[in-house]
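Notes follow the structure.
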Amino acid sequence: TVKGGLGGNLTVVRMLRILRITRAVRVVRLIRFFRELRMMVFSVLRSGSCLLWSALMLCVTIYMFGIYFTQIVAYHLSAQDPPPPGSEASERHALLQEFFGNLWRAQYTLYQAVSGG
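What follows is the structure, encoded as structure tokens:
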């Protein structure tokens, strides 16, 4: 009877060792996963400066073209007589005024054109 009790304990010990080994394998897999995750996070952080410069260039370009389009539309609208109400020219006049009536509207319209919005 002593042998039967000892054999049962050895089986439990073997099972615990197998569980420890599986836990160690899981930890190794997690370390690999975190290594890849850490590499991805660092890559995103390192590309941040490039992203900021690109956004700045986009803002400057939109600002310059916003000024240009606002001036062109203002000149075009002031050079013509007001169109009769309800005509097609009146609708175009209203659309030009709506989308390019001032600098902020022109910049917003250009941003929408660039971003697909």
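Take the sequence shown: its letters are residues 1 to 117, numbered as in full-length UniProt numbering.
Think of the CB as a built atom: it goes at the ideal place given N, C-alpha and C, for glycine as much as any other residue.
For clarity, every value in this text was computed on a predicted model and none was experimentally measured.
Between the alpha carbons of Ser78 and Tyr111 lies a gap of roughly 25 Å.
Looking from the CA of Gln97, the closest CA among Gly86, Ser47 and Phe69 belongs to Phe69. Secondary structure at Gln80: coil, using DSSP grouped into helix, strand and coil.
DSSP places Ser54 in the helix class (H, G or I) of the three-state scheme.
Burial check for Gln107: the Cβ neighbour count within 10 Å reaches 16 or more, so the residue is buried. The three-state reading of DSSP puts Gly116 in coil, since its state is none of H, G, I, E or B.
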